[in-house]
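The opening position of the sequence shown corresponds to residue 1303 in the working numbering, with each subsequent residue numbered one higher. Working notes for the structure below.
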Amino acid sequence: MADNLVSLQVKQSGHVAEVTLLGPGKGNAMGPDFWRELPVVFRELDADDTVRAIVLTGSGKHFSYGLDLPAMMGSWGELLGGALAGPRTRFLDEIRRLQDSVTAVAQCRKPVIAAVAGWCIGGGVDLISAADIRLAAQDAKFSVREVKVAIVADIGSLQRLRGIIGEGHLRELAYTGKDIDAARAEKIGLVNDVYADQDAMLAAARELAADIAKNPPLVVQGTKDVLDHDLAPRVADGLRYVSAWNAAFLPSKDLGEAVQAFLERRDPEFTGE
1303 MADNLVSLQV
1313 KQSGHVAEVT
1323 LLGPGKGNAM
1333 GPDFWRELPV
1343 VFRELDADDT
1353 VRAIVLTGSG
1363 KHFSYGLDLP
1373 AMMGSWGELL
1383 GGALAGPRTR
1393 FLDEIRRLQD
1403 SVTAVAQCRK
1413 PVIAAVAGWC
1423 IGGGVDLISA
1433 ADIRLAAQDA
1443 KFSVREVKVA
1453 IVADIGSLQR
1463 LRGIIGEGHL
1473 RELAYTGKDI
1483 DAARAEKIGL
1493 VNDVYADQDA
1503 MLAAARELAA
1513 DIAKNPPLVV
1523 QGTKDVLDHD
1533 LAPRVADGLR
1543 YVSAWNAAFL
1553 PSKDLGEAVQ
1563 AFLERRDPEF
1573 TGE
């Protein structure tokens, strides 16, 4: 396994690997280390024949607060000032790099079970959407929140959630940026089951992963490949489109206002400019 990981911890018990988000940002926020390490870890797990199933969870009380805006904004600064083709092309490359990081989870041949407690926001939802199965603790809360910060969600939620929760629920969450609790998440099919607390949820995720790992590994991997056959090309096409869309249209006065309001801890006032 990759050495000197900063944002992720990987442990293995039998044929089950457990990947834990560590941050280092508050609430396991996703900063540069996370986006660099995630694909490395999942490609190594994919290549490891001793691993047959994977549990993906967060350290502490929360799964993830999503994108670590302060840590990532430095590389986007040139885009906010009326950027021309050069900065927009670099930003397009950056979006696609982040997309590829999450896609590495979806492309892993071993089934991935996301185990969610506490907050799962923005990029956190992108990540669990790339998993095969999702379980939640009773205190879990979910939000496709990008619209609240003047961004079209571009790392996979809009492409993958359609097949998980259906069109109407996806559009409601994506248009409003609202928070939903574990009970609503279970009702709409975002999570399979809800457990009393984080410990019970993790125990269930590990048990489910162990049940999967008992089956013939190549047959399980073949089943995942067949299930993904129609989905993967559609998702890839959607990701390519949204990356081009955001490279063209993300810079706006509303985005600047969202960033400023975040830094000043106030509600933004959007004007549509």
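C-beta atoms are modelled at their ideal positions from N, C-alpha and C, and glycine is treated no differently.
Selection from the options that minimises the alpha carbon distance to residue i
i	options	result
N1517	H1471, K1412 and V1342	K1412
V1353	A1560, P1519, G1524 and L1565	P1519
G1458	L1565, A1387 and L1400	L1400
K1363	L1369, G1329, M1375 and G1333	G1329
S1403	V1342, R1392, C1422 and A1417	V1342
I1509	M1332, A1349 and A1355	Here residue 1509 is Glu; the residue named in the question, Ile, does not match the sequence. When only C-alpha atoms are compared, the closest one is A1355.
D1456	Q1562, A1506 and L1369	L1369
K1489	T1525, K1526, Q1440 and Q1461	Q1440
A1538	P1570, L1565 and A1408	A1408
A1484	G1327, E1575 and W1421	W1421
F1365	G1325, D1350 and R1398	G1325
L1557	T1525, K1526, T1391 and V1454	V1454
D1351	L1565, R1536, V1522 and G1574	V1522
Straight-line Cα distance separating residue j from residue i
i	j	result
W1547	S1315	43 Å
R1568	A1515	48 Å
E1474	E1396	28 Å
H1534	L1492	The amino acid occupying residue 1534 in the given sequence is Ala; His does not appear at that position. Between A1534 and L1492, the C-alpha separation is close to 19 Å.
V1318	E1559	45 Å
S1545	E1339	21 Å
P1389	V1451	20 Å
A1387	F1393	10 Å
I1482	L1472	12 Å
A1385	L1463	31 Å
Proximity of residue i and residue j at Cβ, strictly below 8 Å
i	j	result
A1550	Q1500	no
A1476	V1446	yes
I1415	I1435	yes
S1309	F1336	yes
M1503	L1437	yes
A1507	V1357	yes
L1307	C1410	no
M1375	V1561	yes
T1359	A1417	yes
Exposed unless 16 or more other CB atoms sit within 10 angstroms - verdict on residue i
i	result
L1372	The question names Leu, but residue 1372 in the sequence shown is Pro. Flag for P1372 reads exposed.
E1405	The sequence as given places Thr at residue 1405; Glu does not occur at that position. The residue is buried, with at least 16 neighbouring Cβ atoms inside 10 Å.
H1531	exposed
G1425	buried
P1553	buried
K1443	buried
A1505	exposed
Q1461	buried
What alpha helix (DSSP H) runs, 4 residues minimum, are completely inside the segment 1452-1510?
-> 1459-1462, 1464-1467, 1469-1478 and 1484-1489
Uninterrupted beta strand (DSSP E) stretches inside the segment 1335-1408 (no shorter than 3 residues) = 1355-1360
Which ranges would you report for the alpha helix (DSSP H) in the segment 1535-1571 if only whole runs of at least 4 residues count?
-> Listed in chain order, they are 1555-1566.
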